[in-house]
Amino acid sequence: MAIFQNLQEEDIEWRASWLLPDEVLYRCGDFDWVPLLGIWGAVGYAPLLSIEEHLQVVPSELEIIRQDFERRNLELEKKIEQMEEEKMNLRLDVNVQKLEADKLIKGKHKAEEELDSLKTDYKKLRLSMRTAGLGKTSEQWREEIREERNKSDWWERKF
């Protein structure tokens, strides 16, 4: 008992409780392999039971890595699903844009055809106006009216 009364903090080496019991070294001062006393002051199995209990609760490094992998895998699967959904939405958007572009192109071609038709109709109308004498400018019409008035005035004076 005298040994335990003179214990200093540096005399005790603490080990991880999840290590296997045969790997756990108990040391007190210069004495190795000193069993720890149980709750009643005698050597018992309580330390071994607590170590086994921690072994059951604390997962191994491999288990932790596996869980991290599964968690990361689930995150990536969700991200892949989200990206596939976005890809499908973008395809739909592209299809809608293509349809709208096709409609605009068809409308443009139709407008160009109508413009060409109007140009030919205008040219035909101009030609027919020239042949009928209607293609004169306003100045030419004024001149022709003056001439006709002069003729009519001359005939009126004559009679």
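Sequential numbering of the sequence shown, starting at 29, is according to my numbering. In this text, a Cβ means the ideal position worked out from N, Cα and C, and glycines have one as well. Bear in mind that the values here come from a model prediction, so they are computed numbers and not experimental data.
Contact annotation: E175 and K164 have beta-carbon atoms that are not nearer than 9 Å. Q36 sits in coil when the DSSP states are folded into three classes, being neither helix nor strand. Following the DSSP letters along the chain, one finds T159 inside the alpha helix (DSSP H) bounded by residues 89 to 160. In the three-state reduction of the DSSP assignment, K179 falls in the helix class, which pools H, G and I.
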